[in-house]
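A.B. asks:
There are 2 protein chains.
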Amino acid sequence: MSDAPTEKGRATRARIVEGAAEVLREQGVAFTTLDDIRGRTGTSKSQLFHYFPDGKDQLLLAVAQFEADRVLEDQQPHLGRLDSWESWRQWRDAVVERYELQGDHCPLGSLFLQVGRSGPGARAIVTGLMRQWQEQLARGMRALQANGLVPSDLDVDRTAAALLAGIQGGVTIMMSTGDSSHLKAALDTGIEHLRTTGRTGGSGGDRCGTDGAPRWP
Amino acid sequence: MSDAPTEKGRATRARIVEGAAEVLREQGVAFTTLDDIRGRTGTSKSQLFHYFPDGKDQLLLAVAQFEADRVLEDQQPHLGRLDSWESWRQWRDAVVERYELQGDHCPLGSLFLQVGRSGPGARAIVTGLMRQWQEQLARGMRALQANGLVPSDLDVDRTAAALLAGIQGGVTIMMSTGDSSHLKAALDTGIEHLRTTGRTGGSGGDRCGTDGAPRWP
DNA sequence: TAGAAAATGGACCAGCAAGTCCAGAAATTC
DNA sequence: GAATTTCTGGACTTGCTGGTCCATTTTCTA
Chain A
1 MSDAPTEKGR ATRARIVEGA AEVLREQGVA FTTLDDIRGR TGTSKSQLFH
51 YFPDGKDQLL LAVAQFEADR VLEDQQPHLG RLDSWESWRQ WRDAVVERYE
101 LQGDHCPLGS LFLQVGRSGP GARAIVTGLM RQWQEQLARG MRALQANGLV
151 PSDLDVDRTA AALLAGIQGG VTIMMSTGDS SHLKAALDTG IEHLRTTGRT
201 GGSGGDRCGT DGAPRWP
Chain B
1 MSDAPTEKGR ATRARIVEGA AEVLREQGVA FTTLDDIRGR TGTSKSQLFH
51 YFPDGKDQLL LAVAQFEADR VLEDQQPHLG RLDSWESWRQ WRDAVVERYE
101 LQGDHCPLGS LFLQVGRSGP GARAIVTGLM RQWQEQLARG MRALQANGLV
151 PSDLDVDRTA AALLAGIQGG VTIMMSTGDS SHLKAALDTG IEHLRTTGRT
201 GGSGGDRCGT DGAPRWP
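One line per chain: the protein sequences are A and B, in this order.
The opening residue of the first sequence carries number 1 in UniProt numbering; numbering runs sequentially from there.
The opening residue of the second sequence carries number 1 in UniProt numbering; numbering runs sequentially from there.
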C-alpha cells in the first residue's frame, strides 16, 4: 500500500502525513492548502505529488487512515482489557482525556466530509474504525458477562452500538460547543446501564426488569 | 434580523435560503459554489450579494439556522409530549424516519465545519439547538417522573444529555456508513435505560440499584 | 404621475490554490 | 565509477470561484 522504494522516501512520506495531520487538526480541512502542508513539513510541491500522485484527495485519505489508527491506539491498553468495572472506569477516563486534549477539531469528521464522495475509500476507513471499536466494546461486555458482572442475556451488540453512538455524539457535540459534559454523560450513563441492568444485590434472584423482548411492550 | 423591505424581497430571500439548503444537502458544502445556488434558485449573482452582503459565509449561516429550526420542527408534535411510553415510541420512530429519509448528508454538521471559525455565529446556532433539544428531552423525562413511570431521583439532565449524544452519534455514524442501526440502538437503549431504571414491579418497594451516587463505586 | 428606493441581470475582475514540468541533486545498482 | 532510478526544488500554468460594478427594470411612496 505505502510504496516508497528507498528509506529516505519512506521517511519523507511519513513526515508529510504526520505534518499534514497536525495542520489539519489545527486549521481544519476547509482552511488548509497544500502550501500550508508544504510549509509545515518542509517539502516542495513536487514531493507532495511524488508521494501522492492523485493529489490532495489521496493525501487526505492517507491522513484519515493515520488518524483512524491513532483513535484506537490512544485507548489502549484499556480498551483491550475491559473485564472489570475498574478497567471500564480507566478506559472511560482515557477517552475523556484524549478528546479533551484534542481540543475543538475532529480530524476524522472533517476529513470524511471533504473526501466523502471520492470513492469508497473514505467510507471504508470510517466503517472499519467503527466496526473495530464496537467489536472491542462488545468483547469487553462479554468479559463482564463471563465474570458474572452482567447478565448473560444482555444484547451485547446492540448495547455496544449504543455506547459507541454515545461516544461519537459526545465528541461531536464537544467539537461544536466546547463542552465535554455530553461525552461524559454518554460514557457514564452507558456504563451505568450495564451496571444497573445487572443483578442489583448479590443474589441471582430478582433480575431488574430486563425482559428478553428488547424494545417495546 | 431578516431585513427585506418589500414582499418580493422577502420571497426571494426565502427562495435563496431554501434552495441553497437543498443544494447543500445534495452536494455537501465543500462541493457547492455560489453558482450552483444561483442556478438552482434562479437568481443572479447580484441578488445573492444583495440579500447577503457579507457573502457566502452569511448565506451559509442563514441556511444553518434554517436547517436547525427544521430539526426540532420535524420531531413535533411528538417531542413536545413525551409523557407516556407510547409517546416516546412515536417520537423515536419519527426521529428514525426523519434521518433515514434525509439520506447520507448532515446539513448542519458540514455547515458547521465550513463556517465553524467565522465568529460565534455558527457555534451559537449549534449550541442553541442542542440546548433546546436536550431541554425538551429532559422535560419529557420529568413528565414520566410526574406520572410515576420513572423514579424521581433519576438524574434527568445527565440522562437527557446522554440520550442526545446517542442520537447525535447515531446520526453521524449513519451519515458515514449508511447504516441506521446505531441510531436505533442509541434510541432504544436510551429509552430502555429509562424503563429499567424505573421500578420493575408495581410496588414502590425494591428500587433497582439506582443509588444516589451517580458514577463509580 | 414623478421620483426614490429596491430588485434584478450579467459582464467583469482578482486572487488563490491545485496541479504540471523540468532541471538538478542524491542515492542505488551493476 | 558510470548508469539508472529516486528524490527534491521551485517556477509556471490554469481553472475556478468569490466578489464587484453598473445599467436596467420593477415596486413603493407622496
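For every residue, glycine included, the Cβ atom is placed at its ideal position computed from N, Cα and C.
Is any beta-carbon of chain A found at less than 7 angstroms from that of B:G55?
C.D. replies: No, B:G55 does not count as interfacial toward chain A.
A.B. asks: According to DSSP, simplified to helix, strand and coil, what is A:L48?
C.D. replies: A:L48: helix per DSSP, three-state reduction.
A.B. asks: Determine the extent of the alpha helix (DSSP H) in which B:D36 is found, giving its start and end residues.
C.D. replies: Taken as a continuous stretch (DSSP letters only), the alpha helix (DSSP H) holding B:D36 covers L34 to T41.
A.B. asks: Return helix, strand or coil for B:H78, following the three-state DSSP convention.
C.D. replies: Residue state, collapsed to three classes: helix.
A.B. asks: Taking the alpha-carbon of A:G19 as reference, which of A:K8, A:I173 and A:T32 has the nearest alpha-carbon?
C.D. replies: Comparing Cα-Cα distances from A:G19 to each of A:K8, A:I173 and A:T32, the minimum goes to A:T32.
A.B. asks: Can you pull the chain B residues whose beta carbon is under 8 angstroms from the beta carbon of residue 242 of chain A, in chain order?
C.D. replies: This structure cannot settle anything about residue 242 of chain A, because the visible part of chain A is limited to 1 through 217.
A.B. asks: Rounded to whole angstroms, what's the CA-CA distance from A:S44 to A:L61? Just pull it up for me.
C.D. replies: Approximately 20 angstroms between the Cα atoms of the pair.
A.B. asks: Mind the definition here: the segment 126–137 of chain A touches the segment 65–73 of chain A only if three or more C-beta pairs lie below 8 angstroms; say whether that holds.
C.D. replies: These segments touch.
A.B. asks: Out of curiosity, what's the CA-to-CA distance linking A:T179 and A:I173?
C.D. replies: The sequence given here places Asp at residue 179 of chain A; Thr does not occur at that position. Cα to Cα, A:D179 sits roughly 7 angstroms from A:I173.
A.B. asks: DSSP three-state label for A:G170, please.
C.D. replies: A:G170: helix per DSSP, three-state reduction.
A.B. asks: Counting along the chain, where does the alpha helix (DSSP H) carrying B:A21 start and finish?
C.D. replies: E7 to Q27 is the extent of the alpha helix (DSSP H) around B:A21.
A.B. asks: Do you know how far the Cα of B:R10 is from the Cα of B:D57?
C.D. replies: C-alpha separation (whole angstroms): 19 angstroms.
A.B. asks: With DSSP run on the structure shown, which of helix, strand or coil describes B:K87?
C.D. replies: Before going on, a small fix: residue 87 of chain B reads as Ser here, not Lys. It is helical.
A.B. asks: Run the CB neighbour count on A:L108, radius 10 Å, all protein chains shown included, and call it buried at 16 or more, exposed below.
C.D. replies: When all chains shown are included, A:L108 counts as buried.
A.B. asks: Would a C-beta distance cut-off of 7 angstroms place B:A4 and B:R15 closer than the cut-off?
C.D. replies: No. Outside cutoff.
A.B. asks: So B:L187 and B:G166 are supposed to be a Cβ contact under 8 angstroms. How far apart are they, rounded?
C.D. replies: Indeed they touch by this definition, with Cβ atoms about 7 angstroms apart.
A.B. asks: So for A:L101, helix, strand or coil by DSSP?
C.D. replies: Correct three-state label for A:L101: helix.
A.B. asks: Does DSSP classify A:S181 as helix, strand or coil?
C.D. replies: Residue state, collapsed to three classes: helix.
A.B. asks: Which residues in the same chain as A:H78 place their Cβ atom closer than 8 angstroms to its Cβ, once the five residues preceding and following it in sequence are excluded?
C.D. replies: Correct list, in chain order: S87, Q90, W91 and A94.
A.B. asks: Here's a check: name, in chain order, each residue in its chain whose Cβ is nearer than 7 angstroms to the Cβ of residue 224 of chain A, leaving out the five neighbours to either side.
C.D. replies: Here chain A has residues from 1 to 217 only, and residue 224 of chain A is not among them.
A.B. asks: Excluding five sequence neighbours on each side, which residues of the same chain lie with their C-beta closer than 6 angstroms to the C-beta of A:M175?
C.D. replies: Closer than 6 angstroms at the Cβ level, and outside the excluded window around A:M175, lie D104 and C106.
A.B. asks: Buried or exposed: where does A:K8 fall if 16 or more other Cβ atoms within 10 Å of its Cβ makes it buried?
C.D. replies: Exposed, because fewer than 16 other Cβ atoms sit within 10 Å of the Cβ of A:K8.
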